[in-house]
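Letter 39 of the sequence shown, counting from 1, is numbered 39 in my numbering, and no numbers are missing.
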Amino acid sequence: MVLILGLLAAWGCGEPGLGPDVPENNVVLAGNGDWGDDPYVANSASVDGDGLTVDVSYAGGCRRHIFTLVISQSFMESDPVQLAAELVHEANGDACERWVTDTRVFDLDLVRTRYQQFYGPGPGTVVLRVEGLPGESLVYEFAG
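Take a look at the structure:
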């Protein structure tokens, strides 16, 4: 009986489909899809070089969880410019209740590319205003 329950528990915690088709760097433009709306807690966030690093916690542990940084299509004019974004979570129907904490890194190449499309080539600075992340300013500076 214990063996059967163990097998059923292991089967219930398999990894099914991976949910929406998310690019490898998990950064997309707003308006291009439904990227998830499952709850999570953002413990900390920082910009390190060309990456946004976020420590997140969520309930789960039995399926792959996808976090996507959804950036606005336009910048807010200020000095430096600001970019609204949202970090969204797709739990893929994971009903497990283990509290998971891990680190996710988002490649900010799309932010740099969009900045250069709007303002021309060269270096730049963008203040990321990411809904749901801890209150500090996230400043992304890059060379041309």
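Just so it is clear, CB atoms sit at the ideal spot from N, CA and C, and this is done for glycine as well.
Since we're looking at a predicted model, the values are computed, not measured.
Could you give the C-beta distance for residue i and residue j, rounded to a whole number, given that I count them as a contact under 8 angstroms?
i      : j      : result
Thr53  : Val105 : 5 angstroms
Asp107 : Val27  : 6 angstroms
Gly31  : Arg63  : With 8 angstroms as the limit, Gly31 and Arg63 do not qualify as a contact, their Cβ atoms being about 27 angstroms apart.
Asp109 : Asp50  : 6 angstroms
Can you tell me whether residue i is buried or exposed, with buried defined as 16 or more other CB within 10 angstroms of its CB?
i      : result
Ala95  : exposed
Phe75  : buried
Leu133 : buried
Glu90  : buried
Gln98  : Correcting the residue type first, residue 98 is Arg in the shown sequence and not Gln. Exposed, since its Cβ has fewer than 16 Cβ neighbours within 10 Å.
Gly36  : buried
Asp21  : Because the pLDDT at Asp21 is just 48, under 50, the model does not fix this residue reliably, and the point stays unresolved.
Gly6   : With a pLDDT of only 37 at Gly6, under 50, the local geometry of the prediction cannot be trusted, and the value read off the model is given with reservation. That one is exposed.
Taking C-beta to C-beta, are residue i and residue j nearer than 7 angstroms?
i      : j      : result
Gly60  : Val88  : no
Arg56  : Ala42  : Contrary to the premise, residue 56 reads as Val rather than Arg in this sequence. Cβ distance < 7 angstroms, so Val56 and Ala42 count as in contact.
Phe138 : Val47  : One point to set straight first is that residue 138 is Leu, not Phe, in the sequence displayed. Yes, these two residues count as a Cβ contact at 7 angstroms.
Arg112 : Ala84  : no
Gly120 : Phe142 : no
Leu29  : Gln82  : no
Val165 : Tyr115 : Only positions 1 to 144 of the chain appear in this structure, which leaves residue 165 out of reach.
Can you check whether the C-beta of residue i is within less than 7 angstroms of a C-beta belonging to chain B?
i     : result
Asp37 : Included in the structure is just one protein chain, with no chain B present.
Closer than 6 angstroms to a non-hydrogen atom of the ligand FMN - does that hold for the CB of residue i?
i      : result
Phe106 : In the structure on display, the ligand FMN does not appear, and there are no ligands present to speak of.
Sequence ranges, beta strand (DSSP E) only - wholly within the stretch 105 to 141, length at least 3: 124 to 131
Give the list of continuous beta strand (DSSP E) stretches no shorter than 3 residues that lie fully inside the stretch 55 to 93. 66 to 71, 81 to 90
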